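Q: FYI, the numbering for the sequence shown is 246 to 301, going by our numbering.
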Amino acid sequence: MQNNLGEFPGRVYLAPIKPGNLQVNLPEGNVLLDKSKRSVEAVPDYNALVCLKKLD
Numbered sequence: 246m247q248n249n250l251g252e253f254p255g256r257v258y259l260a261p262i263k264p265g266n267l268q269v270n271l272p273e274g275n276v277l278l279d280k281s282k283r284s285v286e287a288v289p290d291y292n293a294l295v296c297l298k299k300l301d
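Structure below.
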C-alpha cells in the first residue's frame with residue numbers, strides 16, 4: 246500500500262468488510278496517515294486514500 250505520505254509493505258487478507266474499504270493494523274499503518282490532521286489529543290484522522298499494488 247502506498248499514498249503520497251508513505252508506503253506500507255504487507256500482505257492482504259480478505260475479510261468481510263464493506264467494499265472499497267481497507268483495514269490496516271496500527272501502529273504499523275500510521276505511515277499512511279497525515280500527522281498534521283490529528284486532534285489536539287493526537288488521535289489520527291483515519292481517512293486515507295491508498296493504492297494497492299500486487300507483487301509477483
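From the three backbone atoms N, C-alpha and C, an ideal C-beta is built for every residue, glycine too. All values derive from a computational prediction rather than experimental measurement.
Quick check on ARG283 - is its C-beta less than 8 Å from some C-beta in chain D?
A: Checking the listed chains, one finds no chain D in this structure; it contains a single protein chain.
Q: Would you check if the distance between the CB atom of LEU267 and the CB atom of GLY251 is smaller than 8 Å?
A: Counting from one through the sequence shown, the residue named residue 267 turns up at place 22. Counting from one through the sequence shown, the residue named residue 251 turns up at place 6. No, these two residues do not count as a Cβ contact at 8 Å.
Q: Note down the Cα distance separating ASN249 from LEU259, rounded to an integer number of angstroms.
A: In the sequence shown, the residue the question calls residue 249 occupies position 4. In the sequence shown, the residue the question calls residue 259 occupies position 14. Their backbone Cα atoms lie some 24 Å apart in a straight line.
Q: Going by C-alpha distance, which of PRO254, GLY265, ARG283, PRO272 is nearest LEU294?
A: Position 49 of the sequence shown, counted from the start, is the residue given in the question as residue 294. When only C-alpha atoms are compared, the closest one is GLY265.
Q: Could you compute how far the alpha carbon of PRO261 sits from the alpha carbon of CYS296?
A: Translated into the one-based positions of the sequence shown, residue 261 becomes position 16. Translated into the one-based positions of the sequence shown, residue 296 becomes position 51. PRO261 and CYS296: Cα-Cα distance of roughly 20 Å.
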